[in-house]
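Numbering (UniProt numbering), first residue to last: 1 to 337.
What follows is the structure, given as structure tokens:
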């Protein structure tokens, strides 16, 4: 089968950083689906793994943790899907990625694809939707109704992949006042379209930007990028006993700064359930099905930013390059081999 992989961690400008190769077809385990990959999207985790994780023993390493496709066959213990089902999912970081014609994935982290979307539009959603949903409803424990009316959520990096779906979830399913950050005119417009009540500029001091918008404090923060750079501003912006959630990888974080206000810190890593095969791993299956229903109902919309064409090494290198620039808006998708 066709696949895109790498053999050494190289700069994305190097043609060998991602290569078109041929691999044997994977074999599904008892709880696995064998999926014919129709579309993928690219995430910052792809670039981080490519830059920092060398393949073992000279073997090819395949990236890609957002897939939309069709179930080709199922393992002996599968109960949730059958051959021919259209599916979308984010896969497991402990297994081979989905940048290949065929891919195996545990059924417990797979959802039925939204009926109203094509494969490319659906592929934009799984990883970011899981991350945003778990961060908002499980880590920050916001309720899916108007119970939290009067409270507020500051989303740092609201125009990115996770921010684009988190903004929608918070604006449409909760009672929170949603403040998104974006630094360019086109991304500010994007965040407003997604439902943010207020958009501020994260290239300026956040506490000052909040005050300019008539806000003294926020009760919750979702820091999606550059947490170490913004930490002092986030602590200042948070109300006493507020909650700070993050998804990025700060080199260091002085958590003692949270003590004076009794702020709580919450990490979100959407691979935790699949990596440790937690007893509640199937919650990601349920979550993706719920997202599909919300898409089909028109409550949420796909977050495709750009379509980069066919799934091949050249186009994936372009996608990695854009993500590494920090200027991507929404999600980058690729479709068909």
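Cβ coordinates follow ideal geometry from the N, Cα and C atoms, glycine included.
*What is the C-beta distance between residue 105 and residue 91, in whole angstroms, given that I count them as a contact (C-beta under 8 angstroms)?*
Indexing the chain shown from 1 puts residue 105 at position 105. Indexing the chain shown from 1 puts residue 91 at position 91. With a Cβ gap of about 5 angstroms, residue 105 and residue 91 count as contacting.
*Going straight from the alpha carbon of residue 101 to that of residue 67, what length do you get?*
Mapped onto the chain shown, residue 101 falls at position 101. Mapped onto the chain shown, residue 67 falls at position 67. A direct Cα-Cα distance of roughly 11 angstroms separates residue 101 from residue 67.
*Is DSSP giving residue 104 helix, strand or coil here?*
The residue you call residue 104 lines up with position 104 of the chain shown. Residue 104: strand per DSSP, three-state reduction.
_Once the 5 residues before and after residue 274 are set aside, which same chain residues still bring their CB inside 6 angstroms of it?_
In the chain shown, the residue the question calls residue 274 occupies position 274. Around residue 274: 92, 109.
*residue 155 versus residue 334 - alpha carbon distance*: Here residue 155 refers to the residue found at position 155 of the chain shown. Here residue 334 refers to the residue found at position 334 of the chain shown. Distance between the alpha carbons of residue 155 and residue 334: 27 angstroms.
*Thinking just about the alpha-carbon of each residue, which of 144, 249, 235, 268 is nearest to the one in residue 256?*
Your numbering for residue 256 matches position 256 in the chain shown. The alpha carbon of residue 256 has as its nearest neighbour, out of 144, 249, 235, 268, the alpha carbon of 235.
*Helix or strand or just coil, what does DSSP make of residue 267?*
Translated into the one-based positions of the chain shown, residue 267 becomes position 267. Strand, per DSSP.
*Between which two residues does the beta strand (DSSP E) containing residue 112 stretch?*
Within the chain shown, the letter at position 112 stands for residue 112. In the DSSP assignment, residue 112 falls within the beta strand (DSSP E) that extends over 110–112.
_Complete alpha helix (DSSP H) runs within the stretch 240–288 (minimum length 4 residues, chain order)_ = Within the stretch 240–288, the runs of alpha helix (DSSP H) at least 4 residues long that lie entirely inside it are, in chain order, 272–276.
*Boundaries (first-last residue) of the beta strand (DSSP E) holding residue 219*: As a working mapping, residue 219 is identified with position 219 in the chain shown. Under the DSSP assignment, residue 219 falls in the beta strand (DSSP E) whose first and last residues are 218–223.
*Write down every uninterrupted run of the beta strand (DSSP E) in the stretch 96–177 whose length is 3 residues or greater and which is fully enclosed by it, in chain order.*
Those beta strand (DSSP E) runs which fall completely within the stretch 96–177 and span 3+ residues are 102–106, 110–112, 152–156.
_Bounding residues of the beta strand (DSSP E) (the contiguous stretch that carries residue 313)_ = Counting from 1 along the chain shown, the entry for residue 313 is found at position 313. It is not in any beta strand (DSSP E) - residue 313 instead sits in the alpha helix (DSSP H) that spans 313–325.
*What do you reckon, are the CB atoms on residue 23 and residue 4 nearer than 7 angstroms?*
Mapped onto the chain shown, residue 23 falls at position 23. Mapped onto the chain shown, residue 4 falls at position 4. No; because the gap between Cβ atoms is not below 7 angstroms, this pair is not in contact.
_From 125, 147, 269, residue whose alpha carbon lies closest to that of residue 168_ = Residue mapping note: residue 168 aligns to position 168 of the chain shown, counting from 1. Comparing Cα-Cα distances from residue 168 to each of 125, 147, 269, the minimum goes to 125.
*List the endpoints of the continuous beta strand (DSSP E) containing residue 307.*
Position 307 of the chain shown, counted from the first residue, corresponds to residue 307. Element bounds for residue 307: 304–307.
*Going by beta carbon distance, what residues of the same chain come within less than 7 angstroms of residue 45, once the five residues before and after it are set aside?*
Within the chain shown, the letter at position 45 stands for residue 45. Taken in chain order, the residues that qualify are 65.
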